[in-house]
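Everything below concerns the one structure shown next.
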Amino acid sequence: MRQNFAWRVHSTGEMIFWDLSCLEGDVELPYALHLGQDKLAKILISHLEALPNVEVRYSSPVVECSVSPQSVQVVLGAQSAGEVVEGEWLIGADGANSFVRREVMKQNFFGITWPQRYVATNTKFDFDSLGFGKTTMQVDDVYGSVICNIDSDSLWRVTFMEDPNLPVDGIRGRIDQMFKGLLPTDDPYEVVAFSPYRMHQRVADTMRRGRVILIGDAAHVTNPTGGLGLTGGMFDAFALTSALNQVIHDGRSEDILDVFEADRRRKFIELVSPRASDNLRNLYHQKPGEAKDDWVKNTRDISKDIDRMREALRFPEVMETLI
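Take the sequence shown: its position 58, counting from 1, is numbered 43 in my numbering, and each next residue is one higher.
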């Protein structure tokens, strides 16, 4: 868990904190939880496997699909090769390279890929003793980085950007070069793991076609600066659960699924993707000058105004769809 969120201006060392305790009394749980997708998946699967009417299949991708007015049939591959599964609805939650989106719904995935390469590292370093927030956004056009604590054993995720034309096989050595300027001291560190990746802003033409529905990264992808990708996918799931419950159990018209689709897609295009893009630009691409100075001053002013800070920290609320 974290109780504050920090911006660090790399060039000056200034740390600007936005304190989540300002949300006390407004929200039930006034803190943020650092929970990686791998850990969240294990929690969700443990709950699913406890249900009598749920079966979890591993290594069983959908390889074929047919849709009728009353049902959906899919053919599974790999460990379940050739097996046919039938149901009333197919929910494509199969990630950014979604088979359901590409091959079943025949959807485009319009948007952009950010030109830079990003390198996520799991690094052991004592950021706590140096006053870093549990999530710290380090602002700089060279040493910009997301620095967040991912477990209780001094393990931190440190993500920086680099030129995509540099060879991938030289990344490990370049991490050490980058950390000479990125880290605030010369204290020893240990890079436990690292992974290069590209960031995208993309969205499908539609999230629903009849009995086939997309959610999460299958429907839309965003750069993860600010944690809005996984959060947005969870809000998709919450809203779709409500809508399908009303259709299946309450006899409500399937039109509510169109309401779900329109609102979730709109919120990604109008709110989530722009905010995540602003986060990325502010973090990695602000060059020294008046514009950056003004941004730092505004960020500092927010930290001193509890109402503005509360409004900024409550942004995830506007991502929700209530059905």
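Glycine is no exception: its CB is placed at the ideal position from the N, C-alpha and C atoms.
Return the chain-ordered list of same chain residues with a C-beta closer than 6 Å to the C-beta of residue i, the five sequence neighbours on each side being excluded.
i, result
"A81", "D202, V206"
"S83", "G77, A203"
"V59", "V47, C50, V70"
"G218", "G201"
Excluding the 5 residues flanking residue i on each side, which residues of the same chain have their C-beta closer than 8 Å to its C-beta?
i, result
"L33", "V39, V41"
Apart from the five residues just before and just after residue i, which ones in its own chain have a Cβ nearer than 7 Å to its Cβ?
i, result
"I308", "A224, S227, A228, I241, V244, F245"
"I254", "V188"
"V153", "P181"
"I28", "none"
"V197", "V52, V57, L75, G77, V85, V89, M90"
Can you look up residue i in the DSSP assignment and give me helix, strand or coil?
i, result
"M122", "strand"
"T306", "coil"
"N93", "coil"
"L20", "coil"
"F110", "coil"
"I30", "helix"
"I135", "coil"
Taking the alpha-carbon positions, what's the residue i to residue j distance?
i, j, result
"Y128", "I160", "11 Å"
"W(-8)", "V12", "23 Å"
"M0", "W280", "14 Å"
"F71", "K272", "Here residue 71 turns out to be Glu, not Phe, going by the sequence shown. In a straight line, the C-alpha of E71 is about 55 Å away from that of K272."
"D363", "M192", "Since the displayed the chain opens at -14 and closes at 308, residue 363 lies outside it and no answer follows."
"I135", "F94", "31 Å"
"F179", "S31", "28 Å"
"G166", "Y174", "13 Å"
"D278", "S45", "52 Å"
"S137", "D113", "11 Å"
"L20", "V143", "15 Å"
"L36", "D290", "47 Å"
"E147", "M184", "12 Å"
From what residue to what residue does the alpha helix (DSSP H) around residue i run?
i, result
"F220", "213 to 235"
"M294", "291 to 298"
"D161", "156 to 167"
State buried or exposed for residue i, treating a residue as buried only when at least 16 other CB atoms are found within 10 Å of its CB.
i, result
"G118", "buried"
"T210", "buried"
"Q92", "buried"
"V257", "buried"
"G214", "buried"
Considering residue i, what are the terminal residues of the beta strand (DSSP E) in which it resides?
i, result
"V52", "47 to 52"
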